[in-house]
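A.B. asks: Chains F and P supply the protein sequences, listed in that same order. Mapped onto my numbering, the consecutive letters of the first sequence carry residue numbers 34 to 543. Mapped onto my numbering, the consecutive letters of the second sequence carry residue numbers 714 to 1129. For each residue, glycine too, the CB sits at the ideal point set by N, CA and C. A single structure is presented below for examination.
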Amino acid sequence: MKNTLKICIGLLAIGFVSCEPEFDTPVDSEGFYSSGSANLSNYVAVGNSLTAGYADGALYITGQENSYPNIMAQQFALAGGGDFTQPLMSDNLGGLLLSGNQIQPNRLVLSVDANGNPGPVVLDGTPTTEVTTSATGPFNNMGVPGAKSFHLNAQGYGNPAGIASGAANPYYARFATSANASVIGDAASLNPTFFTLWIGNNDILSYATSGGSGIDQTGNLDPTTYGSQDITDPNVFAASYSAQVDALMASSTGGVLVNIPDVTSIPYFTTVPVRAIPLDAATAGAVNAQFGLYNTAVLPGLVGAGVITAEEAALRQINFVAGVNYPIIMDDDLTDISGILQGPPFNLDPATAGLLGQLRQANDNDLVVLPASSVLGTTPDPNNPLGVIGVSIPLGDQFVLTAVEQGRVSAASTAYNAVIEGLANANDLAFVDARAALAQVAATGVAYDAGVLTSTYVTGGAFSLDGVHPTPRGYAYTANLMINAINRKYGATIPQVNIGNYGTVTVTNN
Amino acid sequence: MKKVVLLAVFVLGTAITYAGGYRVSLQGQKSLAMGHTGVAVINSSELVFFNPAGLVHLENKLNISAGVSGVFSNVAYQNEMTGESAVTDSPTGTPLYLYASYQANDWLAFGIGVYTPFGSTVSYEDDWAGSHLVNNIDLQAIFIQPTISFKIGDYLSIGGGPIYVTGSVNFNRNLNRTLTDLDGNRAEVTIDASGISNWGWTAGAMFKLSEDLTLGANYRSQIKLNAEGGEADFENIPNSPLTPFQDTTFDATLPLPAEMTVGISYEFCDKWLFAFDFNRAFWDVYESLDIDFANENVPDSRNLRNYKNASTYRFGLQYEATDMFTLRAGYYFDESPVREGYFAPETPRNDSNGYTAGLTFNVGDSFQVDASFLYLHFKEVDASYDFYFENGQAAPFSGRYKSNAFIPGLGVTYKM
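Next up, the structure:
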């Protein structure tokens, strides 16, 4: 009797273990969420570092796991989405080796120094991701850090032999299907049923982050002649982009095109104040005395001689005051007067003439880049305490994005964005206005369940420590923008993610 | 008997589970089969728990009851806004009981009980959507209760005794929604304390108004489990002064609330018995689960609960079908002590309806086998916990929950 009961209880037990509570309409049941008219079974993401999940100045595994395409793919999985593969790096350090030599630094982490001040430092460690060791694909995430629009169409962009010369990209070299392959060719060969394309940021960004060190190539239709920090000609962009859309649309039921945000609203340009040099009255007076002749004799003389305009002369006036001052800077859009100054009537020595050659004081229209924070106000020569960068030594051109340079960036991105939105409309694709979205993050922030996402460096939550690329939370916000656009365009009901569940900057001390 | 005790010791080690709050109403198969009524039912030594005043009315000199239940209970969660979902994979709970009573003379009886009226075992998948509130919890409490029962005149009897409680708790959750180490492993804390003991008491009264009609009342006191010097183990913490979480000790208090029961039983048509119990559990003592870490650099953890007192209405029916079989059935409505906005996934309990059935099989004159079955039905409920804070700002955790529980139980009764 007892044994019989035991057996009965045992059988019941087995039955009950399988009796999981079930909802009337479970979210993971088929049909709960719909992909509308889009087929998400094979989603391919094409783009640059933003698509790859690059953050903190590096590409590393946890960053890739929080790339916006990967976040989207996890939501897609609730609405018929398939597997989503990524060319994961080998570690969470993020550095890159080429034949054993490190060619990309490790990621940045937020570290607390001996005085208790937090700041970004490069994470210690020897990276293990070797460019020449191919990652086994195929990969749904075809984001290639550093790629410009025309790079995606370039055959051989993944050829390891071309990395040293800059003709090829080490990140793409890891997973290019052949030495002669192109990113867009590899992406199209996956026969995506759905795609996202976000490219063109680097066509202006590298110019901007280098303080306008490159050249605006508008008018030059041959991208093979471009330098890495140049602005891409809008027609080159349009031709490249259009070809990419055509290639991806061949097999797709739909896709998303994303425009180019205003790069000058990212923390890389908004964190270091342009007016940052504190001086007392005596020092300001002494410095002004150094520039007295320049202000009162040299500049008017050059205007009189017709070398510079009165406007430029006014822009070039140097005037320090007691309090916080604008630094002096090198501006390569000013008339170079170093040669003239060495001749009569000025007869300045080459060093002084060189200093004054393209000199002016910064103003509120200039943007100072993030790396300048470790340079401004420092004395590079310890034996010369008077040689202060920003006061007696001009801040280098690469540290300042001037109003003129911002104008070039803005003109190019406006042209690119017209192309992107036009192609989205022409091809009936979903469109994400990333420019407007980032502007909102920068201006008012975006509320989420435990705060407000802003573009403030470190604390705002949207941008990683490189000041350019988003945090996981920023990428999650991006993914939501895309999902929202897809839902509207294709009548889908893909759920958004809660961005509060995604992290921001990583804290750790070496 | 020895075998049963050994089984008890073994099973208690892995025990427990289930009910409104972390109350587990499975304190006797005969009573459970009748909707867990019993404050006015003179049936067996299960009265040690249900109402010690009744022990003196038992017909036999020696009464022993022991039993165990298998609790198969799980919780499903989903959030339609985000598509997140989770199902617990909680281990099977095996709460048990052992009661004995001895009739010294016609007005005095002694008893002893070992039972497990509180506990909770809930295991979510690690790093699930609510992992900042709980990954898993294992709460156990064993009550040991020596008991005395007096008859005062023909109608009234009283009884009661002290209760010794020994308990343990093991609780794991992630520190917040986002903190990880460099490799993305979520920062988490496990607190563990065992051998937490304290004393309480119980007292009851029973009125036999007639041969057929009995009234009963019983009160069991609140007992606070004060965990002092438990171990707090922090894992996956970044190496940074900004995250000063180091392994330390902690103090915390978990109240096991007082419970008042009144009830009635009525025998009719010779072979039938009807019973009704009303429980009032004084959950309002559970205001907050506060974990005070010894290390001052580690912020203390405050988790508002703000429970309310809750009632349970129980109905039971017994039918002595044959000399061999007694059949039982019951129903109860169990009110959740959780207020709106305080629905924490470590005790995800909304109101429930319990349906019970069972039987006793007489093996000879002195030995019985008692079987019971409880099905607890919960409605799907949209609920949230609104008192989780990040940087001083509340980040509610909400979604839809669905729980169920299937609880078969088996016991034996020996009397002579």
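From ASN213/F to GLU944/P, what distance separates their C-alpha atoms?
C.D. replies: Between ASN213/F and GLU944/P, the C-alpha separation is close to 60 angstroms.
A.B. asks: According to DSSP, is ARG468/F part of a helix, a strand, or is it coil?
C.D. replies: In the structure shown, ARG468/F sits in a helix (DSSP, three-state: H, G or I).
A.B. asks: Between THR893/P and chain B, is any beta-carbon pair separated by less than 9 angstroms?
C.D. replies: Absence of chain B from the displayed structure is noted, the protein chains being F and P.
A.B. asks: Excluding the five sequence neighbours on either side, which residues of its own chain have a C-beta within less than 7 angstroms of the C-beta of GLY1112/P, listed in chain order?
C.D. replies: TYR790, GLN791 and ASN792, listed in sequence order.
A.B. asks: Near THR229/F, which residues of its chain fall below 6 angstroms by C-beta distance, leaving aside the five closest residues on each side in sequence?
C.D. replies: Once the five neighbours on either side are set aside, the close Cβ partners of THR229/F are ALA78 and VAL289.
A.B. asks: So VAL33/F contacts chain P; which residues on that side make the cut at Cβ distance below 7 angstroms?
C.D. replies: Missing from the structure shown is residue 33/F; chain F here goes from 34 to 543 and no further.
A.B. asks: Taking CB distances under 9 angstroms as the criterion, tell me whether GLU1009/P reaches chain F.
C.D. replies: So no, GLU1009/P is outside the interface.
A.B. asks: Say whether chain F places a C-beta atom closer than 9 angstroms to the C-beta of THR1035/P.
C.D. replies: Chain F, which has no Cβ nearer than 9 angstroms to the Cβ of THR1035/P, makes this no.
A.B. asks: With ARG1131/P as the anchor, note down where its beta strand (DSSP E) starts and where it stops.
C.D. replies: Since the first residue of chain P shown is 714 and the last is 1129, residue 1131/P is not available in this structure.
A.B. asks: Whole angstroms is fine: what's the gap from HIS845/P's alpha carbon to ARG886/P's?
C.D. replies: Cα to Cα, HIS845/P sits roughly 6 angstroms from ARG886/P.
A.B. asks: How about the stretch 490-499 of chain F and the stretch 81-90 of chain F: do they share at least three Cβ pairs that are nearer than 8 angstroms?
C.D. replies: Taking 8 angstroms as the limit for Cβ pairs, the verdict is that the stretch 81-90 of chain F does touch the stretch 490-499 of chain F.
A.B. asks: Going by the beta-carbon positions, is the gap between ASP1083/P and LEU1072/P smaller than 9 angstroms?
C.D. replies: Closer than 9 angstroms, so yes.
A.B. asks: Thinking just about the alpha-carbon of each residue, which of THR956/P, SER862/P and ALA842/P is nearest to the one in THR893/P?
C.D. replies: Checking every option, the nearest Cα to that of THR893/P belongs to THR956/P.
A.B. asks: Examine chain F for any beta-carbon lying closer than 9 angstroms to the beta-carbon of TYR1127/P, and answer yes or no.
C.D. replies: It does not: the Cβ of TYR1127/P has no partner Cβ on chain F nearer than 9 angstroms.
A.B. asks: What's the gap between the Cα of SER1085/P and the Cα of SER1001/P?
C.D. replies: Taking the straight line from one Cα to the other gives about 35 angstroms.
A.B. asks: Buried or exposed: ALA221/F, going by 16 or more other Cβ atoms within 10 Å of its Cβ?
C.D. replies: The residue is buried, with at least 16 neighbouring Cβ atoms inside 10 Å.
A.B. asks: Is DSSP giving PHE551/F helix, strand or coil here?
C.D. replies: Coverage of chain F is limited to positions 34 through 543, which leaves residue 551/F absent and any answer about it impossible.
A.B. asks: Compute the beta-carbon to beta-carbon distance between VAL269/F and PHE324/F, rounded to the nearest angstrom, for a pair I have assumed lies under 8 angstroms.
C.D. replies: Not quite, the Cβ-Cβ distance comes to about 43 angstroms (not below 8 angstroms), so this is no contact.
A.B. asks: Which ranges does the alpha helix (DSSP H) cover as unbroken runs of at least 4 residues, wholly within the stretch 198-259 of chain F, from first to last along the chain?
C.D. replies: Here the runs fully enclosed are 203-206, 216-222 and 235-242.
A.B. asks: Report the CB separation of THR860/P from LEU768/P in whole angstroms; it is logged as a contact under 8 angstroms.
C.D. replies: At roughly 7 angstroms, the Cβ-Cβ gap stays under 8 angstroms, so THR860/P and LEU768/P are in contact.
A.B. asks: Using a Cβ-Cβ cut-off of 6 angstroms (strictly less than) and excluding sequence neighbours within five positions of THR974/P, which residues of its own chain qualify?
C.D. replies: Hits under 6 angstroms: VAL752, ASN931, ASP990 and ASN992.
A.B. asks: If the cut is a Cβ gap below 8 angstroms, which residues of chain P does LEU111/F touch?
C.D. replies: Residues of chain P passing the Cβ test: GLY796.
A.B. asks: Over the uninterrupted beta strand (DSSP E) stretch that includes ARG1018/P, give me the two end residues.
C.D. replies: Segment: none, ARG1018/P is in no beta strand (DSSP E) and carries neither H nor E.
A.B. asks: For the putative contact between THR795/P and ASN531/F, defined by C-beta atoms under 8 angstroms, what is the C-beta separation to the nearest angstrom?
C.D. replies: Yes, THR795/P and ASN531/F are in contact; Cβ-Cβ is about 5 angstroms, under 8 angstroms.
A.B. asks: If you draw a straight line from the C-alpha of GLY372/F to the C-alpha of ALA386/F, how long is it?
C.D. replies: C-alpha separation (whole angstroms): 7 angstroms.
A.B. asks: Is there at least one Cβ from chain F nearer than 9 angstroms to LYS743/P's Cβ?
C.D. replies: By this cut-off, LYS743/P is not an interface position.
A.B. asks: Along chain F, which residues have their Cβ under 9 angstroms away from the Cβ of GLN1106/P?
C.D. replies: Chain F residues near GLN1106/P: ASP482, ALA483 and GLY484.
A.B. asks: How long is the line joining the alpha carbons of VAL421/F and VAL305/F, rounded to whole angstroms?
C.D. replies: Answer to the nearest angstrom: the Cα atoms are 17 angstroms apart.
A.B. asks: Which residues in chain P sit within 7 angstroms of GLN119/F, going by Cβ to Cβ distance?
C.D. replies: The premise fails here: GLN119/F is roughly 14 angstroms from chain P at the closest Cβ pair, so nothing lies under 7 angstroms.
A.B. asks: At the level of alpha carbons, what is the spacing between LEU1089/P and TYR812/P?
C.D. replies: About 25 angstroms.
A.B. asks: Go through its chain and collect everything with a Cβ distance to GLN473/F's Cβ below 8 angstroms, but skip five positions before and after it.
C.D. replies: So the qualifying residues of the chain are VAL479.
A.B. asks: Is the CB-CB distance between THR829/P and ILE855/P below 9 angstroms?
C.D. replies: Cβ atoms of THR829/P and ILE855/P: closer than 9 angstroms.
A.B. asks: What does the alpha-carbon distance come out to for the pair ALA112/F and PHE227/F?
C.D. replies: About 13 angstroms.
A.B. asks: Any beta-carbon of chain F closer than 9 angstroms to the one on SER1116/P?
C.D. replies: Interface residue, yes.
A.B. asks: Please state whether the Cβ-Cβ distance between GLY127/F and PRO120/F is less than 9 angstroms.
C.D. replies: Cβ atoms of GLY127/F and PRO120/F: not closer than 9 angstroms.
A.B. asks: Give a yes or no on whether 9 angstroms exceeds the smallest Cβ distance from PRO59/F to chain P.
C.D. replies: Chain P contact via Cβ: present.
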